[in-house]
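Residue numbers (this note's numbering), protein chains in the order written: chain C, 28 to 259; chain Y, 28 to 259.
All C-beta atoms, glycine included, are put in the ideal place defined by N, C-alpha and C.
Working notes, structure below.
Number of protein chains: 2
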Amino acid sequence: MVRAVMRAEEERKGSLVDDAYAAMRAAIRESSFAPGYQASEQEIALRLGMSRTPVHEAAIRLQEDGLVRVLPRRGILILALAPDDMREIYDVVIAIEGRAAELIAEMPEAERVRAATELDGHTAEMAAAHERGDRPAWGRADGAFHTALIEHAGNRRMSRIAQTITDQSHRARMLTLNLRQGLDASIDEHREIARAMRAGDPAAALNAARQHRIRARDELLPLLASYGLKHL
Amino acid sequence: MVRAVMRAEEERKGSLVDDAYAAMRAAIRESSFAPGYQASEQEIALRLGMSRTPVHEAAIRLQEDGLVRVLPRRGILILALAPDDMREIYDVVIAIEGRAAELIAEMPEAERVRAATELDGHTAEMAAAHERGDRPAWGRADGAFHTALIEHAGNRRMSRIAQTITDQSHRARMLTLNLRQGLDASIDEHREIARAMRAGDPAAALNAARQHRIRARDELLPLLASYGLKHL
DNA sequence: AAACCCCATCTTGCATGGAAGATGGCACAC
DNA sequence: GTGTGCCATCTTCCATGCAAGATGGGGTTT
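Here you go:
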């Protein structure tokens with residue numbers, strides 16, 4: 028049966044709440060909604076062509092994700108990230124990615140190798156991007172590496188936590204992408220993580236993943252501090 | 028100014044949504060809502076003396092917490108925990124608590140000692156409860172130990188993750204409390220975690236916290252399997 | 001001129017109604 | 001007896017209305 032043309036132009040699946048959630052999340056990611064901006068549900072509803080209810084319910088989900096704060100009778104506040112938030116985020120990432128790498132290294136050889144090979148693919152793409160000075164491409168490949176690392180661990184809760192954290196820190200990563208120095212160090216460290224996995228050495232994989240993020244944190248946090256970025 | 032008496036009898040603060048969220052969460056924790064039970068929002072709303080809207084919005088939050096699933100035109104399904112979920116939960120806990128212990132061990136001595144002392148207090152309570160064969164008290168003290176461990180790390184995101192995970196696994200913990208064997212092993216391991224913190228040895232603290240949870244997992248998962256508990 | 005208070009306006013919280021979709025039982029055909 | 005299809009019923013989804021609370025500007029007082 029041919030379904031009638033979708034009501035709204037870009038509406039693809041499911042409920043209006045999901046649409047609103049996706050749209051608002053994307054808007055925050057892309058900084059269309061800048062942090063500190065105080066939006067009214069009515070206004071967003073109007074812009075999305077729906078009533079206030081689905082927007083309100085999407086806002087609740089976004090609040091649960093730590094992206095906005097719904098102020099009791101004031102509106103929706105887009106949250107900013109303070110340096111202290113970045114410290115928190117790094118500690119969570121250090122913990123989760125470390126365990127993920129360890130888990131993969133403990134898997135049967137076939138799976139380990141498959142994961143390591145995919146990770147090496149992303150690392151190679153990073154090296155190529157670095158070679159030609161393409162930082163955005165480097166950033167995308169880096170993101171793909173870390174996403175794949177988590178996904179291969181086969182733990183939905185870890186994936187969810189990582190996704191939440193990634194959403195929160197996306198803006199900061201974009202902002203600092205052009206300031207970072209240790210691009211080649213990251214590439215080497217990624218290779219070491221994959222090597223340990225392939226070798227089936229959980230302790231080495233855990234350590235390599237941890238040290239990689241610890242180094243990145245130690246590079247980034249002072250950078251943020253020196254630029255005096257109080258919120259981003 | 029003396030505020031008027033609260034409208035409803037047990038309403039303490041804030042919105043009806045918060046009340047509904049708290050009530051439903053408690054009901055799930057205490058198994059008043061058994062897993063697999065399919066509740067209708069109308070029915071819950073009636074029981075809580077409010078309209079469907081706040082119940083619906085609370086259900087969204089609970090879904091985000093992984094406690095229920097809102098089925099698109101079917102109702103609210105209380106989620107059950109499969110053994111595979113417990114495996115996932117343990118891996119997250121191993122990661123998060125390990126990092127938390129490490130972080131505390133890296134703090135200045137005064138804070139480290141304060142945290143270790145509080146943790147030792149909970150451990151002592153566990154030992155006392157074990158002595159007199161009081162398993163519920165042992166369980167409470169054990170929970171307090173792990174909560175305190177996370178709280179002292181001073182990372183709100185970690186606290187939130189730990190809280191979510193704890194909520195999800197609460198029923199399983201209650202169920203297996205009477206089956207567990209390694210109560211005294213837990214006590215020793217708790218003491219070792221605190222010792223490493225007090226000594227300012229991050230690597231030892233990380234390892235002790237990890238091993239503690241790994242051992243507990245290796246004790247519990249086979250237990251669940253042997254009882255053939257497919258969902259709990 | 002400065003401070004204060006009041007109210008118009010804007011905002012969300014919540015209730016409710018209409019609509020669409022899913023389910024399960026019942027009747028009917030074979 | 002078995003299988004199939006329909007429909008009554010139940011459920012959420014979303015729009016909208018009303019009320020309460022917060023805010024900021026303007027008018028008044030000191």
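Of the listed residues the options, nearest to residue i (C-alpha basis)
i: Y:T203; options: Y:A54, Y:W165, Y:H179 and Y:I105; result: Y:W165
i: Y:P62; options: Y:R167, Y:R141 and Y:L94; result: Y:L94
i: Y:R242; options: Y:R96, Y:D111, Y:Y48 and Y:L210; result: Y:L210
i: C:V120; options: C:M224, C:I192, C:E216 and C:L251; result: C:I192
i: C:Y64; options: C:G125, C:A107 and C:L233; result: C:A107
i: C:A232; options: C:A252, C:A180, C:R207 and C:R184; result: C:A180
i: Y:V97; options: Y:E115, Y:S78, Y:M185 and Y:S67; result: Y:S67
i: C:G102; options: C:H258, C:L73, C:A86 and C:L251; result: C:A86
i: C:E152; options: C:H217, C:R225 and C:E57; result: C:H217
i: C:R88; options: C:A168, C:D215, C:D45 and C:D111; result: C:D45
i: Y:D228; options: Y:G125, Y:S196 and Y:G170; result: Y:G125
i: C:E136; options: C:A223, C:L251, C:H239 and C:R237; result: C:A223
i: C:Q238; options: C:D169, C:Y254, C:S213 and C:S58; result: C:S213
i: C:A128; options: C:L259, C:E219 and C:Q90; result: C:E219
Reduced DSSP secondary structure (H/G/I, E/B, other) of residue i
i: Y:L98; result: strand
i: Y:A109; result: coil
i: Y:A235; result: helix
i: Y:L104; result: strand
i: Y:F226; result: In the sequence as displayed, the identity of residue 226 of chain Y is Ala instead of Phe. Coil, per DSSP.
i: Y:A66; result: strand
i: Y:S253; result: helix
i: C:A61; result: coil
i: Y:S78; result: coil
i: C:H258; result: coil
i: C:E133; result: coil
i: Y:G148; result: helix
i: Y:G125; result: helix
i: Y:R159; result: coil
i: Y:D245; result: helix
i: C:D118; result: helix
i: Y:D194; result: helix
Cβ of residue i within 8 angstroms of any chain Y Cβ
i: C:G125; result: yes
i: C:R79; result: no
i: C:R52; result: no
i: C:I116; result: yes
i: C:I241; result: no
i: C:A231; result: no
i: C:I121; result: yes
i: C:M201; result: no
i: C:E178; result: no
i: C:I214; result: no
i: C:E145; result: no
i: C:E158; result: no
i: C:I71; result: no
i: C:E91; result: yes
i: C:M33; result: Below a pLDDT of 50, predicted positions are generally treated as unreliable, and C:M33, at 32, falls in that range; no measurement from the model is reported.
i: C:N205; result: no
Residue range of the unbroken alpha helix (DSSP H) whose run includes residue i
i: C:F23; result: There is simply no residue 23 of chain C to check, as chain C begins at 28 and stops at 259 in what is shown.
i: C:L43; result: L43 to R56
Chain C contact for residue i (CB, 8 angstroms cutoff)
i: Y:N234; result: no
i: Y:E68; result: no
i: Y:A47; result: no
i: Y:D194; result: no
i: Y:E133; result: no
i: Y:L130; result: yes
i: Y:M224; result: no
i: Y:I220; result: no
i: Y:M185; result: yes
i: Y:E138; result: no
i: Y:I55; result: no
i: Y:R30; result: In this predicted model, Y:R30 has a pLDDT of only 31, less than 50, meaning its place in the structure is not dependable; the value taken from the coordinates is given anyway. Chain C contact via Cβ: absent.
i: Y:R88; result: yes
i: Y:E152; result: no
i: Y:L251; result: no
i: Y:I103; result: no
i: Y:E246; result: no
Sheet register partners of residue i (DSSP bridge)
i: C:A212; result: Answer by DSSP bridge pairing: none, since C:A212 is not bridged.
i: Y:L204; result: Paired residue(s): none; Y:L204 is not in a bridge.
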